[in-house]
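The structure appears below as structure tokens.
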Amino acid sequence: MTAPTDADVRLAAELVRGAGSLAAKMRHAGIGDSIETKTSVSDLVTAADKAAEKAIVDRLAAECPGDGVLGEEGSARESITGRVWTIDPVDGTYNFVRGLDWWCSALALTDGDDIVLGAVYSPAEDAVYVGGPELPTTRNGVRLDAMADTPLSLACLTTYLHPAKLGLPVGEPYVRVASLAASIRILGSGSMDLTAIAQGKLHLFCQHSVPDWDRLPGAALVLGAGGATAQVEAGGVLWSLAGAPSAVAEAADALAS
């Protein structure tokens, strides 16, 4: 695994805090006229998403010109160094638009196939989370407690699958996992869900077809807190798992069965 430098950690924290603060300020000022629909009525983008992504990309261009960029809102730059910053300027845009607090700005730094770090800023709690496989996860600079291992039978699962898809092939592996969990939450922001898992408030993330900007930042935090991650093909799609090691292993088995 590739260890982050102190400069990487500082920059990541500053980038997500700046992006999240900008988005929160724009929401407070009013974003009604800027809301657009992408793939569905619940898949939204706003001027705040675009402005927050641009703020991150512009600073990376100045400070890390050789690194690549991949942003949810379309920013892309090829990497010269092998490192790539994957950006989700507003994760949980539906919540953001509807005035709910479960949203954040998030990013991850990878080096080749290795996750270097993830960073998430939650404006509602004014909290910056940073962590990775070689970087113990912190909240506002304070190291989180090591994650307690939890079996799936005692785990709170965070996930999403529209009920209309339960009767399709993708619904079968979902039900196999969900039926084994102690409880289920559908909260609307994968990166925020994963901050809660890194803190031991929730225990398992399981969702299919998750893009890198929704998966990598929070997965890095979970790994930095002593958790596990996995990806499993089932029902014709790729499922991403992250959380307590036993819950991840049991869910992977249930998906594959």
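Just so we're aligned, residue -2 is where the sequence shown starts under my numbering, counting upward by one.
Ideal placement from N, C-alpha and C gives every residue a C-beta, glycine not left out.
The structure displayed is predicted, hence computed values, not measured ones.
Beta-carbon proximity of residue i to residue j, cut-off 8 angstroms
i	j	result
residue 85	residue 58	no
residue 219	residue 240	yes
residue 14	residue 118	yes
residue 184	residue 6	no
residue 189	residue 88	yes
residue 191	residue 154	no
residue 4	residue 115	no
residue 149	residue 196	no
residue 92	residue 186	yes
residue 221	residue 130	yes
residue 251	residue 177	yes
residue 166	residue 233	yes
residue 170	residue 21	no
Three-state secondary structure assigned by DSSP to residue i
i	result
residue 10	helix
residue 90	helix
residue 65	strand
residue 119	strand
residue 18	helix
residue 221	helix
residue 45	helix
residue 207	coil
residue 216	helix
residue 230	strand
residue 53	helix
residue 182	strand
residue 165	coil
residue 252	helix
residue 3	helix
residue 24	helix
residue 149	helix
residue 72	coil
residue 239	strand
Residue i versus the options, residue with shortest Cα-Cα distance
i	options	result
residue 144	188, 63 and 244	244
residue 229	125, 214, 248 and 154	248
residue 254	211, 237 and 174	174
residue 265	170, 64 and 158	Residue numbering for the chain in the displayed model covers -2 to 254; residue 265 lies beyond these limits and cannot be assessed.
residue 62	51, 71, 76 and 50	76
residue 198	60, 152 and -2	152
residue 16	49, 10, 44 and 1	49
residue 147	113, 223 and 169	223
residue 210	68, -2, 168 and 94	68
residue 262	137, 106, 123 and 204	The requested residue 262 does not occur in the structure, where the chain is confined to residues -2 to 254.
residue 124	242, 10, 246 and -1	10
residue 0	135, 112, 137 and 215	112
Segment limits, beta strand (DSSP E) that includes residue i
i	result
residue 126	124 to 129
residue 77	Here residue 77 belongs to no beta strand (DSSP E), and DSSP marks it neither H nor E.
residue 108	101 to 108
N-terminal and C-terminal residue of the alpha helix (DSSP H) that residue i is part of
i	result
residue 172	168 to 175
residue 192	187 to 195
residue 132	No alpha helix (DSSP H) contains residue 132, which is instead part of the beta strand (DSSP E) from 132 to 136.
residue 154	Careful: residue 154 lies outside any alpha helix (DSSP H), inside the beta strand (DSSP E) at 153 to 156.
Classification of residue i by the beta-carbon crowding that lies within 10 angstroms, buried from 16 upward
i	result
residue 139	exposed
residue 53	buried
residue 235	exposed
residue 161	exposed
residue 110	exposed
residue 70	buried
residue 8	buried
residue 238	buried
residue 180	exposed
residue 12	buried
residue 193	buried
residue 38	Because residue 38 carries a pLDDT of 47, less than 50, the predicted location of this residue cannot be relied on, and the following value inherits that uncertainty. Result: exposed.
residue 163	exposed
residue 55	exposed
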